[in-house]
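FYI, in the numbering used here the residues of the sequence shown are 195 to 566. Here's the structure we're looking at; comments come further down.
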Amino acid sequence: MTTYARKLVGLQWPLLLLVLLLGAFGIFAIYSATWMREQDFWNRQFVFLLAGLVLCLGVAMTDYRWVRAGALPLYIAGLVGLLVVHFFGTTVYGARSWLDFGFINFQPSQLAIVGAIMLMALFLSEYESMPAPLRIALCGVITAVPFLLILIQPDLGSAIVWMPVILAMLYTARIPARYLISMILLVLAVIPLMVNFGLRPYQRQRIITFLDPELDPRGAGWTINQSLTAIGSGGWEGKGFKAPNTLNELGFLPSTIVHNDFIFSVIGEQHGFIGGALLLLAFLALIGLGLYVSLRASDDLGRLLAVGLTTLLFTHTFMNIGMTIGVTPITGLPLPLVSYGGSFLLTVLFSVGILQSIWVHRGGAAKSRGGW
């Protein structure tokens with residue numbers, strides 16, 4: 195058996211099959227959300243899913259320790275992308291966050307976040323003996339520049355994901371709890387200042403609407419109120435696929451974002467509590483498998499990479515579903531593998547490929563034994 199065949203057999207197959215299931219369901223959900231408007235978003239998502247799976251398997255077959263040489267170039271590429279988008283980017287929903295390449299709109303913030311996770315994982319794994327305050331400070335330097343460049347776009351959603359990722363990686367790197375608690379308290383102290391002085395008016399309005407959705411039900415509170423109504427109207431079993439007179443079909447859910455940011459609202463309306471709960475269980479399994487990979491990693495680099503990337507997926511999932519049910523403010527973060535978006539889907543599958551590589555290349559895992 196060739197080396198690549200042994201690696202293929204040794205993949206974390208439950209993780210790969212779960213990703214395939216979520217990706218296929220995402221295409222179905224996108225079609226369900228847009229079929230009445232004769233849009234081809236689901237076709238494009240299918241193409242990106244195929245391309246992403248090829249990318250995922252290619253990364254999985256490559257030893258993840260290439261990060262030692264590739265983390266810094268990828269991080270710099272992310273910074274360059276953020277600078278380019280600042281001057282030449284396309285503005286969507288008030289944020290200049292995209293580069294339009296014709297066949298795909300690329301969001302450099304996604305590359306910057308993954309690059310920063312890799313660089314932090316490399317740094318934290320290589321300098322374990324460095325004093326904890328200095329390690330925290332240098333991680334802050336690594337994340338500060340891309341964080342600020344993302345914040346001024348302004349893309350509050352992508353900026354929010356940094357804090358959970360940093361905390362999870364620092365905890366994995368065995369930074370004492372007192373430092374992590376101090377960081378959390380510092381962030382909580384800064385939030386009021388940020389809300390009052392660091393946000394655009396429409397971003398501040400989103401937070402106010404989150405606290406009281408009925409304050410402006412026909413204006414800023416319209417989307418969240420319609421989302422809650424759609425999900426609630428689904429009941430236990432949902433109204434069914436292509437059911438007539440749904441809030442989505444009648445246009446109460448904004449057609450511009452219903453297939454990406456608010457895809458869970460359509461899922462809740464069509465498939466009810468049962469469908470939504472099954473989807474949540476699938477994501478819980480995805481996060482659990484990512485953490486399991488981190489526990490079985492053969493070195494600190496693999497462990498830190500797995501934790502950082504899994505936390506990134508968890509934060510996107512929590513924030514996206516949370517904003518559709520009124521648990522978190524509206525941030526515009528897509529739902530991994532389910533929301534429409536080519537560049538984000540490729541980023542997610544690239545991350546899954548790294549998780550698979552960590553699994554395949556742990557100790558003797560590349561030998562011909564099963565994924566478990």
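For each residue, glycine too, the CB sits at the ideal point set by N, CA and C.
Check, Outcome
"Simplified DSSP assignment, three categories, for Leu374", "helix"
"Coarse secondary structure for Phe295, derived from DSSP in three states", "coil"
"CA-to-CA distance, Gln550 to Ala199, given in whole angstroms", "14 Å"
"Ala265 to Gly432 span [Cα, whole Å]", "45 Å"
"For Trp430 and Gly272, the rounded distance between their alpha carbons", "43 Å"
"Supposed contact pair Ser459 and Thr518 - C-beta distance, whole angstroms, cut 8 Å", "5 Å"
"Helix, strand or coil at Phe538 according to DSSP, with G and I counted as helix", "helix"
"CB-CB length for Ala315 against Gly502, believed under 8 Å", "6 Å"
"Nonlocal neighbours in the same chain, by C-beta distance under 7 Å from Gly577, ignoring five residues either side", "The shown model of the chain, from 195 to 566, leaves out residue 577, and the question about it has no answer."
"Outcome for Lys436 when other beta-carbon atoms lying within 10 angstroms are tallied against a minimum of 16", "exposed"
"Simplified DSSP assignment, three categories, for Thr285", "strand"
"Beta bridge counterpart(s) of Ala290 as assigned by DSSP", "As written in the sequence, residue 290 is Arg, which differs from the Ala given in the question. Thr285, per the DSSP bridge assignment."
"For Phe300, the residue or residues it bridges with in DSSP", "Leu293"
"Whole-angstrom distance between Phe456 and Phe300, CA atom to CA atom", "20 Å"
"Own chain residues within Cβ distance below 6 Å of Gly220, not counting five before or after", "Leu531 and Val532"
"Burial state of Phe538, where buried means 16 or more other Cβ atoms lie within 10 Å", "buried"
"Supposed close pair Leu507, Val542 - CB separation, criterion 8 Å", "7 Å"
"As assigned by DSSP and simplified to three states, the class of His510", "helix"
"Supposed close pair Asn454, Tyr534 - CB separation, criterion 8 Å", "5 Å"
"Start-to-end residues for the alpha helix (DSSP H) that takes in Tyr365", "Trp356 to Thr366"
"Buried or exposed (CB count within 10 angstroms, at least 16 for buried), Ala223", "buried"
"Alpha helix (DSSP H) segment containing Lys201, residue limits", "Thr197 to Val203"
"Given 8 Å, three or more beta-carbon pairs between the stretch 368-384 and the stretch 302-311", "no"
"Exposure of Val248, with buried meaning 16 or more beta-carbon neighbours within 10 Å", "exposed"
"Classification of Val359 by the beta-carbon crowding that lies within 10 angstroms, buried from 16 upward", "buried"
"For Phe544, the nearest candidate out of Phe240, Leu276 and Gln304 (CA to CA)", "Gln304"
"Own chain partners of Val355 with C-beta closer than 8 Å, once the 5 adjacent residues on each side are dropped", "Ile307, Leu506, Thr509, His510, Met513 and Leu527"
"Leu489 to Pro395 span [Cα, whole Å]", "43 Å"
"is_contact[Val279, chain B] using C-beta, thresh 8 Å", "Looking for chain B here will not work: only one protein chain is present."
"Closest residue to Ser427 among Val452, Leu441, Trp416 and Gly415 (Cα-Cα distance)", "Leu441"
"Closest residue to Leu361 among Pro325, His465 and Thr504 (Cα-Cα distance)", "Thr504"
"Start-to-end residues for the alpha helix (DSSP H) that takes in Arg490", "Ile457 to Arg490"
"Residue nearest to Ala476 in terms of C-alpha spacing, selected from Ile425, Glu443 and Leu529", "Leu529"
"Ser319 and Leu495 closer than 8 Å at C-beta", "yes"
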